Amino acid sequence: MKIISFSTLKGGVGKSSSLFNIAGLLAEEGKKILVIDVDPQGNSTNNFGIDRTVENLKSIKNILEDDIEFENVVIKSPVKELPSLDVIPSSIFLTATELKLVSLAGRENILINYIDDNLKYFNTYDYIFIDTNPSMSIINQNAFVAATDIILVSDISMNSVEGSELFLALWKDIRKRLKLKNNIKGFLINMYDKRMNLSAQFRDHCKRNDEVKDILFDTVIPMNVKLKEAELEAKPINIYCKSSAGYKSYVTLVNEMKERGIL
Numbered sequence: 001m002k003i004i005s006f007s008t009l010k011g012g013v014g015k016s017s018s019l020f021n022i023a024g025l026l027a028e029e030g031k032k033i034l035v036i037d038v039d040p041q042g043n044s045t046n047n048f049g050i051d052r053t054v055e056n057l058k059s060i061k062n063i064l065e066d067d068i069e070f071e072n073v074v075i076k077s078p079v080k081e082l083p084s085l086d087v088i089p090s091s092i093f094l095t096a097t098e099l100k101l102v103s104l105a106g107r108e109n110i111l112i113n114y115i116d117d118n119l120k121y122f123n124t125y126d127y128i129f130i131d132t133n134p135s136m137s138i139i140n141q142n143a144f145v146a147a148t149d150i151i152l153v154s155d156i157s158m159n160s161v162e163g164s165e166l167f168l169a170l171w172k173d174i175r176k177r178l179k180l181k182n183n184i185k186g187f188l189i190n191m192y193d194k195r196m197n198l199s200a201q202f203r204d205h206c207k208r209n210d211e212v213k214d215i216l217f218d219t220v221i222p223m224n225v226k227l228k229e230a231e232l233e234a235k236p237i238n239i240y241c242k243s244s245a246g247y248k249s250y251v252t253l254v255n256e257m258k259e260r261g262i263l
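Quick note: the sequence shown uses the UniProt record's numbering, first residue 1, plus one each step.
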């Protein structure tokens with residue numbers, strides 16, 4: 001079992017989309033996948049076609065606050081074409097959960113402790129993917145502490161790479177305090193447009209940047225309308241359109257992640 005958290009400190013970079021499509025490709029291979037959405041915005045929950053407005057929907061909030069039984073919170077196979085993919089959804093009330101966690105001792109370890117206490121369920125999965133929001137909140141710190149690997153996602157803006165540099169610095173301080181090893185394993189450039197000089201310039205900048213060059217993926221994910229359409233249809237790109245440039249890029253990325261030992 002590997003636990004991979006997707007992160008950024010800048011919104012709108014396509015982080016949730018990357019998780020969505022990587023999870024979809026691996027599930028199609030027959031891998032058992034669990035997606036945990038800890039982002040109050042719930043993009044991953046929405047991407048998989050789960051309605052967060054359903055009354056009494058159980059979510060990650062119930063894990064963090066109530067230690068709910070795993071079987072009562074997991075949503076099995078929300079994408080019918082991918083029966084091996086399950087989701088623990090987000091909640092619009094996670095902001096209130098954040099306030100409750102701030103004063104707790106060991107607050108960064110709630111999720112990893114829950115996983116350890118429920119290994120009979122979690123060990124049935126090959127990969128657990130965690131979607132976060134663009135912050136270093138206590139809830140996100142739970143996702144990063146639990147992760148075997150953290151993937152940073154960036155668009156082609158300098159604000160995004162500067163946000164990644166800030167993330168690296170903040171997480172370094174936190175993991176030193178918690179006595180954790182560095183688990184940041186990848187830096188993915190998303191929304192790459194080869195028609196724009198800015199895209200190539202940004203990629204060259206990342207290759208020279210001391211903070212990200214060693215974790216930079218060779219694969220870039222292009223701007224591609226089919227990727228947007230796939231989200232609207234609640235189907236990962238491998239289900240929605242295998243002829244698209246977006247699909248081919250994600251296949252290449254998954255292979256690169258395997259070569260690096262992340263997958």
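For each residue, glycine too, the CB sits at the ideal point set by N, CA and C. From a predicted model like this one, the values you see are computed outputs, not experimental measurements.
CA-to-CA, the gap between Leu-178 and Glu-165 works out to about 20 Å.
Ile-128 and Ile-3 have their C-alpha atoms spaced approximately 5 Å apart.
Per DSSP, Ile-150 is not a residue of any alpha helix (DSSP H); the beta strand (DSSP E) it occupies stretches across 149-154.
Beta-bridge partners of Val-87 (DSSP): Val-35, Ile-75.
With a beta-carbon spacing of about 5 Å, Val-220 and Ile-189 fall inside the 8 Å limit used to define contacts.
Of the residues assessed, Gly-42 falls on the buried side of the cut-off, its CB having 16 or more other CB atoms within 10 angstroms. Annotation: Met-136 to Glu-98 spans about 11 Å, alpha carbon to alpha carbon. Residue environment: Ala-105 is assigned as exposed (fewer than 16 neighbouring CB atoms within 10 Å of its CB, all protein chains considered).
The alpha-carbon of Met-257 is positioned some 6 Å away from that of Leu-263. Ile-88 places its beta carbon less than 8 Å from that of Val-74.
Inside the segment 9-55, DSSP marks whole beta strand (DSSP E) runs of 3 or more residues at positions 33-37, from first to last along the chain. Each residue's CA atom was taken as its position, placing Tyr-192 and Asn-140 some 26 Å apart. In the same chain as Leu-168, and ignoring 5 residues on each side of it, the C-beta atoms closer than 6 Å to its own belong to Glu-211, in chain order. When C-alpha distances from Arg-175 are compared across Val-161, Ala-147, Ala-200, Val-153, the shortest belongs to Ala-147. In terms of Cβ geometry, Gly-186 and Lys-10 do not form a close pair [threshold 8 Å]. The straight-line gap separating the alpha-carbon atoms of Lys-80 and Arg-208 is approximately 43 Å. If the five residues before and after Asn-72 are omitted, its C-beta is found closer than 6 Å to the C-beta atoms of Lys-58, all from its own chain and listed in chain order. In the structure shown, the three-state DSSP call for Lys-120 is helix. The bridge partners DSSP lists for Lys-100 come to none.
When the alpha-carbon of Ser-244 is set against those of Asp-149, Ala-230, Asn-123, Asn-183, the nearest one is in Ala-230.
Under the criterion of beta carbons closer than 8 Å, Ile-150 and Ser-5 qualify as touching, at roughly 5 Å.
For the pair of segments examined, the segment 21-38 was found to touch the segment 82-96: the number of CB pairs separated by less than 8 Å reaches three. In the structure shown, the three-state DSSP call for Leu-253 is helix. Taking 8 Å as the cut-off, the beta carbon of Tyr-125 is found closer than this to the beta carbon of Met-1. Taking Ser-160 as the centre and dropping the five residues before and after it, the same chain places the C-beta of Lys-10, Val-13, Ser-154 closer than 6 Å to its C-beta, in chain order. For Glu-65, the CB contacts under 7 Å within the same chain, skipping 5 residues up- and downstream, are Thr-97, Lys-100 in chain order. Asp-67 counts as exposed, since fewer than 16 other C-beta atoms from the protein chains shown sit within 10 angstroms of its C-beta.
Annotation for Tyr-127: the continuous beta strand (DSSP E) segment containing it runs 127-131.
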